[in-house]
Amino acid sequence: MLNVERIELHYGAAIALRGVSLQAKAGAVTCLLGRNGVGKTSTLRAVTGMHAVSSGRMTWEGEDITALPAYERARRGIATVPQGRDIFPLMSVRENLETGLALLPRGQRRLPDEIFDLFPILGKMMSRRGGDLSGGQQQQLAIARALVIKPRLLVLDEPTEGIQPSIIKDIGRVIDMLRKRGDMAILLVEQYFDFAFALAQQIVVLDRGRVVVSGAADALKAEDVQRYVAI
55 MLNVERIELH
65 YGAAIALRGV
75 SLQAKAGAVT
85 CLLGRNGVGK
95 TSTLRAVTGM
105 HAVSSGRMTW
115 EGEDITALPA
125 YERARRGIAT
135 VPQGRDIFPL
145 MSVRENLETG
155 LALLPRGQRR
165 LPDEIFDLFP
175 ILGKMMSRRG
185 GDLSGGQQQQ
195 LAIARALVIK
205 PRLLVLDEPT
215 EGIQPSIIKD
225 IGRVIDMLRK
235 RGDMAILLVE
245 QYFDFAFALA
255 QQIVVLDRGR
265 VVVSGAADAL
275 KAEDVQRYVA
285 I
């Protein structure tokens, strides 16, 4: 389980997060919602070690990871799919996938069959350059690349952004399948309200860097969440 306790995060003199707390448990999707600029991506950057927190504490599977660099968190099974995907456009699909293998023990450095079961289209495009794929295919590649390290915490930052509806459904199906396995915690930032509400077991809503709504998805009223999401 990931446990985030009252973290604060600054960019220079500007404060982005103010006492944010949340949990992400195995077998559940914790969804972070809110308007643009309220601190959702900053929270994910803190969790993955991409930006140091100013105060507060984070533990993963009982270990304090607050001061750990990003690569050490990745070695502990924390994988991220960043906003904008960040695939390598000049590298092939295979080469993009293989970038995650360095984190695995030598005897396990092979692409798991599971990623091609989840995303069959990638198996047909192994020699294609990442930059030649459609936006939806690139997003599938970014998620598959994260799954190569066999994560126990999967962090996704707006995976539906700029994606065609058919691929959004596929991504939702994959997230739900991963959750149902029961061995992975999923932390999801999403602006597409219906997509998030359909997938999440836990909802955390941010406004101006603070948590303003938090609880089990089935115990929250949609309108109480939407007023902090709608523009």
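Numbering (my numbering), first residue to last: 55 to 285. Note that the Cβ used here is the ideal one computed from N, Cα and C, for glycine as well.
Next on the checklist: Taking the straight line between their C-alpha atoms, what separation do you get for Asp211 and Asp278?
Outcome noted: 22 Å
Item to check | Which residues DSSP lists as bridging Asp261, in chain order | outcome: Arg264
Item to check | Beta-carbon spacing of Ser96, Gly263 below 9 Å | outcome: yes
Next on the checklist: What does the alpha-carbon distance come out to for the pair Val74 and His64?
Outcome noted: 13 Å
Item to check | Simplified DSSP state of Tyr246, which is helix, strand or coil | outcome: coil
Checklist entry - Measuring CA to CA, which of Ala276, Ala270, Val259 and Ala271 is closest to Gly93? => result Val259
Item to check | Arg111 - partner residues in DSSP beta bridges | outcome: Glu59
Checklist entry - Hey, which unbroken runs of the beta strand (DSSP E) at 3 residues or more fall wholly within the stretch 175–250? => result 207–211 and 239–243
Item to check | 3-residue-minimum beta strand (DSSP E) runs that sit fully inside the stretch 102–179, ordered along the chain | outcome: 109–114 and 132–135
Checklist entry - Can you tell me whether DSSP reads Leu86 as helix, strand or coil? => result strand
Next on the checklist: Just to confirm, is the Cβ distance from Pro213 to Ile203 under 9 Å?
Outcome noted: no
Item to check | DSSP state of Gln256 mapped onto helix, strand, coil | outcome: strand
Checklist entry - Quick one: what does DSSP say Leu71 is sitting in, helix, strand or coil? => result strand
Item to check | For Asp140, the nearest candidate out of Val267, Gly184 and Ala250 (CA to CA) | outcome: Gly184
Next on the checklist: One question on the structure: do Leu241 and Leu98 come within less than 9 Å of each other, judged by their Cβ atoms?
Outcome noted: yes
Next on the checklist: Quick check: what's the CA-CA separation for Ala189 versus Leu155?
Outcome noted: Ala is not the amino acid found at residue 189; the sequence shown has Gly there. If you take the alpha carbons of Gly189 and Leu155, they lie about 24 Å apart.
Checklist entry - Whose C-beta lies closer than 6 Å to the C-beta of Ser181 among residues of the same chain, with five residues either side of it excluded? => result Ser146
Checklist entry - Alpha carbon to alpha carbon, what distance is there between Gln255 and Arg281? => result 19 Å
Checklist entry - Which of the three DSSP states, helix, strand or coil, is assigned to Leu76? => result strand
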